[in-house]
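Number of protein chains: 2
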Amino acid sequence: MAVPAERLQPLIAILRGRFGDRLSTAAAVRRHHGKDLTFHPGHDPDAVVFAETTAEVSEIVAACAAHGTPVIPFGTGTSLEGHIAALEGGVCIDLSRMNRVLRVSAADMDATVEAGVTRKQLNEHLRATGLFFPVDPGADASLGGMAATRASGTNAVRYGTMRENVLNLTVVLPDGRVVHTARRSRKSAAGYDLTRLMVGSEGTLGVITEVTVRLHGLPEAVSAAVCSYPSIDAAVDTVIATIQGGVPVARIELLDALTMAAVNRYSQLDYALAPTLLFEFHGSERGVVEQTETVQAISAELGGSDFRWATRPEERSRLWQARHDAYFATLALRPGAQGWATDVCVPISRLAECVRETMQDLAGASIIAPLVGHVGDGNFHLVYLIHPDRPEELAEATRLNERMVMRALALEGTCTGEHGIGYGKIAFLEAEHGDAISVMRAIKRAIDPGNIMNPGKILRR
Amino acid sequence: MAVPAERLQPLIAILRGRFGDRLSTAAAVRRHHGKDLTFHPGHDPDAVVFAETTAEVSEIVAACAAHGTPVIPFGTGTSLEGHIAALEGGVCIDLSRMNRVLRVSAADMDATVEAGVTRKQLNEHLRATGLFFPVDPGADASLGGMAATRASGTNAVRYGTMRENVLNLTVVLPDGRVVHTARRSRKSAAGYDLTRLMVGSEGTLGVITEVTVRLHGLPEAVSAAVCSYPSIDAAVDTVIATIQGGVPVARIELLDALTMAAVNRYSQLDYALAPTLLFEFHGSERGVVEQTETVQAISAELGGSDFRWATRPEERSRLWQARHDAYFATLALRPGAQGWATDVCVPISRLAECVRETMQDLAGASIIAPLVGHVGDGNFHLVYLIHPDRPEELAEATRLNERMVMRALALEGTCTGEHGIGYGKIAFLEAEHGDAISVMRAIKRAIDPGNIMNPGKILRR
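Below is the structure:
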C-alpha cells in the first residue's frame, strides 16, 4: 500500500519548499533509509528529511498528518527487526543531525541529549566527568533509537536497560504537538508513566527528539574473568548462584562451544571448546577482588575450569576479546553467509532448558547458529548463518526461530529481550500477549488515530 | 454525582445474589472503605464486595460496567491523596482476602502474589529463603495497592521503586476481561510496556489482582550510621558526594532539626538539634565497613559531626529509632493535631534549594511541619500539623503546600515522588505535565471509555 500521489506530491512540495536540499527523494538515500542490516526486505520511504530541531520535526509530522502520510523516524538504522522499513511508503525523518549534548549534570548524574546523539558520542563527551552511560546494545546506536527500541545489552544485568535509564523524553506527537513525558527527578508518582510507554514504542506513538538519561559513576576498579564449563547447565547454575549470592556483577556473558571455536579461529585464541562465561566486575579495588574470588569459588564448585582473571585494562580486553569478536568471528565461520540475529529472554531458572532444547534443534538442522547470551538477564541470541541466495535456508531459519520463540514463551519468557518487534516478530508478540494486544491497539488508536506513525510495526495495520 | 438508583439497585441485587454476605452496604463498612487516614474528605461507596479470586473481580467489574457504575479497588486504605474516596459512589472491591502467596522462585528471585498480600506478609513468607522484597512505603500496604500507586520508600535509592520491581501484573480491564501485562522474564522488548502503564495508574485503568515482583538477596552484612550537619546544604552535599562516589547506599534519610527535636522528646534521645542523615549500608562484611568509612570521610569533609555507626542489629535499630518514630513523634509535637503528609521530588542538585526555601516559608507560617526525606532520590516529605476544627489552619497548609509544589516544579521536579495524585494533587499534575495530560486522557478514554474505573482520580471527570 503506497501513499496516493495526490497526497504525496503536495506534501513533498511543501517539505521541499521548507527544507530545500535537506529533503531528498534520491533513490540511494531512500534505499539506505528503508533497509536495515538484516535479512528483512527493505521498503523505501518516498522521501527523507534531515531534521535539525524538535520544532522542525514537529513541522514535518504536522505536514504528514495533514496529508495522511506515514512518518518513519530514523536514527542510525541499526535496529534488527525491520523497524525502519517504510512498509507503506511515507516520509522518513533522519535525526542524525540532532546530535548535540544539551546538558550534563554531574551532581544529578544525568544528561539530556538530542535524539541523534550516539552512545559512544555521549560517553566521549563524558570523558572528563567520571561518569558514563552504561547501556550498550553493540551497535553505536542513537540514544533516540535506543529509547524507541528499549535497547539493552551486556551491562543491563547491573545497570538496567533503557527502561531503567531514561528519565524524560521530548516527543513529537502524531499531530505535531511537542510534549515532555516527565520531569528530571529520579522518581515520580505523578500520573501515567508516559516515559515508559514511549520507551519501546518503536516510533509508533510519536518521534522522540530529546532524551534525558541517567548516568553512572565510573567504577574505581574493574576486573574481568573467563571460565569454561562442562555443560550449559553448569554455566547457567554459576550465573544463578552468582546473582543469588548478591555479587553485583556488571556483565556476565555466555558463549557456546561453537562460538568459542569461531573466535579461537578468528583471533588465534586457545580457549576451551566448551560453554564459556565472561565476567566483568565493577567496584572498589577491594570489592572487585572480593567479587572475583566469590565467583571463582562458585565456578569451581560447579565444575568450571581454566578460570582466568585480570584487572589491568589490556589484559581485560584480551580476556574479553572473544566477546568483542563474536559477531564477525561467527560470520567468518561461513564466508558469504548473512547473519540473522534473533533473541529471546526467559526466567533464568528456565534458561538452561531453553538453550539445551534449542541446541538440540540446531544439532539436527542444515544450518548453523552460534549462541551468545546476556545470561544474567536470561537473554540469549542466535545468529543463523544463511546464504542470501538459498531460500531453503531462510525457510529453515524461520522454522528454527519459530520453535525457539515458542519454546521461550512456553517457559514464561518473552519473544524478544532486546531486539524489539518491528515487523519481524508481530506474530510472536500476538502469541505472547493474547488479549493484552487489544490494550496496545487501543493505546495506538488513541494516540495515533490516523495510524501515520511507523505503521505496521509492533501492531498489524 | 451519585449512581442513579435505577442502575444501582439492580446491580446490588445481582452482586448480593452472587456474593451473599461478602457484599456489604452497612454504613460503617462503606465509611471505612471511602475514607483514608488523611484530611481528604471521605466519600462512601454504595457497596463493598470482598473478592476472593481474579475471576470474581472480573465478574464484579463486568457487572458494574453493564450498569455504568464506578469501581474503586481497595487494598489496605493507606494511600494518602484520597485515592479510595468514592467520589461518585459505586462499588468498592476489597482485595484484602486475596492474600495468598502464589509462588516463589529462589532461582529467579521473584514471587507472584495476590493483590491483597501485604509487604510484611510477603517478607514473613520469604524468611527461610535468604531473599526479601525491599520496597517499603512505611505502611504495611498491599502489593496490589503499592503497584497501583507506584509506591516507593526508604530503600528506593538502592533497590528502586515499584516501577523497577514489578515484573508482571494480572489486571481486570474495565470490561471485565483479564490480561497479563508481561511475562516473567527480567526484561523484554516486546511491545508497549503495559506493566509500567498500570504501575501508578491508581485503579483508573483496571483492577490489579496479581503481582509478580522481583526479590533481592538478603545482604550478608548491614551497618547503619547517623551524622548531624551544620546545614541542610551540608547534609545534601554529603548525599551527592556519597552517590557520585559510587557507594551503593541502601538507605539515606534526612531529618530536619524540628523532627530531631520531636524524636528526642518522644523517645528520650539525645541527638543534636541539627539536620541529620541516617544511613544504612548493605553488602559483604568487608563491603559495609568500606562503605561506612567512605561516608564517614565524606561527612567529616563537609562539616558533619557526631558520626555514630553500628553493625549489630539492636544497635542499628537504636540508631534508626529516630526515623522509625518520626511520624508519631511529630504528631506528639502538637497533641490533637492531624498530620497532613505531602511529598515532592526534585533533582538532587536542586534539593538543598527546595528544602531551604520551603523552610523559610515555614518559618513565617502559623503552623509547623517537620521534614523527613528520602534524600538519595531527591524526595522529601512535610507533615503539616493542623487542628481538624480550625479551617484557617487547613487553608494555611494548603497555601504552603501549593508554594512548595510549585517550587519543586520550577526546580525541574515532580509534584509527588511517591504519594501519587488521587484527587488531592490533580491541579498540580496538570501544572506539571501541560499538554501531556491530553495523552493521559486519551489513554484513559481508550482503555476505560465508560470512565467507571476510580473516576475523578489522576484525571478530572
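Heads up: the protein sequence lines correspond to chains A and B, in order. Per our numbering, residue 669 is the first one in the first sequence, and the count goes up by one each step. Per our numbering, residue 669 is the first one in the second sequence, and the count goes up by one each step. Virtual Cβ for every residue (Gly too), placed ideally from N, Cα, C.
1. Whose CA, out of A807/B, A929/B, C732/B, L922/B, lies closest to the CA of N1119/B?
2. Compare the Cα-Cα distances from A930/B to each of R919/B, I920/B, A807/B, T944/B and report the closest residue.
3. Return no unless some Cβ of chain B is closer than 8 Å to the Cβ of H848/A.
4. Are the stretch 873 to 891 of chain B and the stretch 1011 to 1019 of chain B touching, with three or more C-beta to C-beta distances below 8 Å?
5. Three-state secondary structure (DSSP) at H884/A?
6. Could you check if K788/A is buried or exposed, using at least 16 other CB atoms within 10 Å of its CB as the buried criterion?
7. Within a Cβ cutoff of 8 Å, which residues of the same chain sit near G859/A, ignoring the five residues on either side of it in sequence?
8. Which residues share a DSSP beta bridge with C1083/B?
9. DSSP three-state label for D993/B, please.
10. Please determine, among E953/B, A902/B, M777/B, the residue with the shortest C-alpha to C-alpha distance to A942/B.
11. Could you say which of V759/B, A734/B, G871/B lies nearest to A694/B if we only look at CA atoms?
12. Are the C-beta of A730/A and some C-beta of chain B separated by less than 8 Å?
13. Could you pull out every unbroken alpha helix (DSSP H) segment of at least 4 residues lying fully inside the stretch 678 to 743 of chain A, listed in chain order?
14. Which ranges does the alpha helix (DSSP H) cover as unbroken runs of at least 4 residues, wholly within the stretch 799 to 880 of chain A, from first to last along the chain?
15. Could you tell me which whole alpha helix (DSSP H) segments of length 4 or greater appear in the stretch 927 to 1004 of chain A?
16. Just to confirm, are Q1006/A and S935/A a CB contact at a threshold of 8 Å?
17. Where does D1045/A land, buried or exposed, given buried means 16+ other C-beta within 10 angstroms?
18. Whole angstroms is fine: what's the gap from F718/A's alpha carbon to G813/A's?
19. Tell me the rounded alpha-carbon separation between N823/B and A681/A.
20. Given a threshold of 16 other Cβ atoms within 10 Å of its Cβ, counted over all protein chains shown, does F801/A qualify as buried or as exposed?
21. Just the chain A side, please: which residues come within less than 8 Å of S773/B by C-beta, in chain order?
22. Would you say G1090/B and S747/B are within 8 Å of each other, going by their C-beta atoms?
23. Could you confirm whether any beta carbon from chain B is found closer than 8 Å to the beta carbon of Y860/A?
24. Could you have a look at L770/A and say whether DSSP puts it in helix, strand or coil?
25. Here's the rule: buried if 16 or more other CB atoms are within 10 angstroms of the residue's CB, otherwise exposed. What is G1032/A?
26. On the premise that F742/A lies in contact with I752/A, defined as a C-beta separation below 8 Å, what is that separation, rounded to the nearest angstrom?
27. The alpha helix (DSSP H) with T906/B in it runs from where to where?
28. Comparing the C-beta of T1084/A with each C-beta of chain B, is any distance below 8 Å?
29. Identify, in the order they occur along the chain, each residue of the same chain with its Cβ nearer than 7 Å to the Cβ of G806/B, setting aside the five sequence neighbours on each side.
30. Note down, in chain order, each residue of its chain lying with its Cβ closer than 8 Å to the Cβ of D905/A, except the 5 sequence neighbours on either side.
31. Is there at least one Cβ from chain B nearer than 8 Å to K1125/A's Cβ?
32. What are the residues of the stretch 891 to 920 of chain A that lie near chain B, defined by any Cβ-Cβ distance shorter than 8 Å?
33. So with CB distances below 7 Å, who are the chain A contacts of V867/B?
34. Which one of P1056/B, V907/B, P1059/B, A1037/B has the shortest CA to CA distance from L1050/B?
35. Rounded to the nearest angstrom, what separates E1080/B and L770/A at their Cα positions?
36. Whole angstroms is fine: what's the gap from H708/A's alpha carbon to G798/B's?
In brief:
1. In the second sequence, residue 1119/B corresponds to position 451, counting from 1. Among A807/B, A929/B, C732/B, L922/B, the Cα nearest to that of N1119/B belongs to C732/B.
2. Within the second sequence, residue 930/B is the residue found at index 262, counting from 1. Nearest of R919/B, I920/B, A807/B, T944/B to A930/B, Cα basis: T944/B.
3. As a first step, residue 848/A must be located in the first sequence, where it is residue number 180. Answer yes: the Cβ-Cβ gap between H848/A and chain B drops below 8 Å somewhere.
4. no
5. Mapped onto the first sequence, residue 884/A falls at position 216. H884/A falls in the strand class under three-state DSSP.
6. On the first sequence, residue 788/A is found 120 positions in, with the first residue counted as 1. K788/A is exposed by the Cβ-count criterion.
7. Residue mapping note: residue 859/A aligns to position 191 of the first sequence, counting from 1. So the list is empty, once near-sequence residues are dropped.
8. By one-based count along the second sequence, residue 1083/B stands at place 415. Paired residue(s): none; C1083/B is not in a bridge.
9. Here residue 993/B refers to the residue found at position 325 of the second sequence. Note: D993/B maps to helix in three-state DSSP.
10. In the second sequence, the residue the question calls residue 942/B occupies position 274. Closest option to A942/B, Cα to Cα, is A902/B.
11. Reading the second sequence from its first residue, position 26 is the one you call residue 694/B. The option with the nearest alpha carbon to A694/B is V759/B.
12. Locating residue 730/A in the first sequence gives position 62, where the first residue counts as 1. False, the Cβ-Cβ gap to chain B never drops below 8 Å.
13. Within the stretch 678 to 743 of chain A, the complete alpha helix (DSSP H) runs of at least 4 residues are 695 to 702, 722 to 734.
14. 811 to 816, 824 to 827, 830 to 833, 862 to 866
15. 953 to 969, 981 to 1000
16. If you number the first sequence from 1, residue 1006/A lands on position 338. If you number the first sequence from 1, residue 935/A lands on position 267. It is not a contact, given that the beta carbons lie outside the stated cut-off.
17. Indexing the first sequence from 1 puts residue 1045/A at position 377. Its Cβ being crowded by 16 or more others within 10 Å, D1045/A is buried.
18. Against the first sequence, residue 718/A aligns to sequence position 50. Against the first sequence, residue 813/A aligns to sequence position 145. Roughly 15 Å between the two C-alpha positions.
19. Numbered from its first residue, the second sequence carries residue 823/B at position 155. Numbered from its first residue, the first sequence carries residue 681/A at position 13. Cα-Cα distance, rounded: 57 Å.
20. As a working note, residue 801/A is residue 133 in the first sequence. Label assigned to F801/A: buried.
21. Residue numbering aside, residue 773/B sits at position 105 when the second sequence is read from its first letter. Going along chain A in sequence order, the residues near S773/B (Cβ under 8 Å) are P1015, S1017.
22. Here residue 1090/B refers to the residue found at position 422 of the second sequence. Here residue 747/B refers to the residue found at position 79 of the second sequence. In this structure, S747/B lies closer than 8 Å to G1090/B by Cβ.
23. For the purposes of this step, residue 860/A is taken as the residue at position 192 of the first sequence. Contacts with chain B at 8 Å (Cβ-Cβ) include Y860/A.
24. Reading the first sequence from its first residue, position 102 is the one you call residue 770/A. Note: L770/A maps to strand in three-state DSSP.
25. As a working note, residue 1032/A is residue 364 in the first sequence. So G1032/A ends up on the exposed side.
26. Residue 752/A sits at position 84 when you count from the first residue of the first sequence. Residue 742/A sits at position 74 when you count from the first residue of the first sequence. Confirmed, about 6 Å.
27. By 1-based counting over the second sequence, the position of residue 906/B is 238. Element bounds for T906/B: 900 to 912.
28. Numbered from its first residue, the first sequence carries residue 1084/A at position 416. T1084/A has a beta carbon lying within less than 8 Å of a beta carbon in chain B.
29. Here residue 806/B corresponds to residue number 138 of the second sequence, with the count starting at 1. Excluding positions up to five away in sequence, the list reads G821.
30. Within the first sequence, numbered from 1, the residue matching residue 905/A stands at position 237. Once the five neighbours on either side are set aside, the close Cβ partners of D905/A are L970, A1020.
31. On the first sequence, position 457 is the one that residue 1125/A refers to. Output row for K1125/A: interface = no.
32. I908, I911, Q912, G913, G914, P916
33. Stepping through the second sequence from its first residue, residue 867/B is reached at position 199. Within chain A, the residues near V867/B are D861.
34. Looking up residue 1050/B in the second sequence gives position 382. Of the candidates P1056/B, V907/B, P1059/B, A1037/B, the one whose C-alpha sits nearest the C-alpha of L1050/B is A1037/B.
35. Residue 1080/B sits at position 412 when you count from the first residue of the second sequence. Residue 770/A sits at position 102 when you count from the first residue of the first sequence. Spanning the alpha carbons of E1080/B and L770/A requires a straight line of approximately 15 Å.
36. Translated into positions along the first sequence, residue 708/A becomes position 40. Translated into positions along the second sequence, residue 798/B becomes position 130. Rounded to whole angstroms, H708/A to G798/B spans 46 Å at the Cα level.
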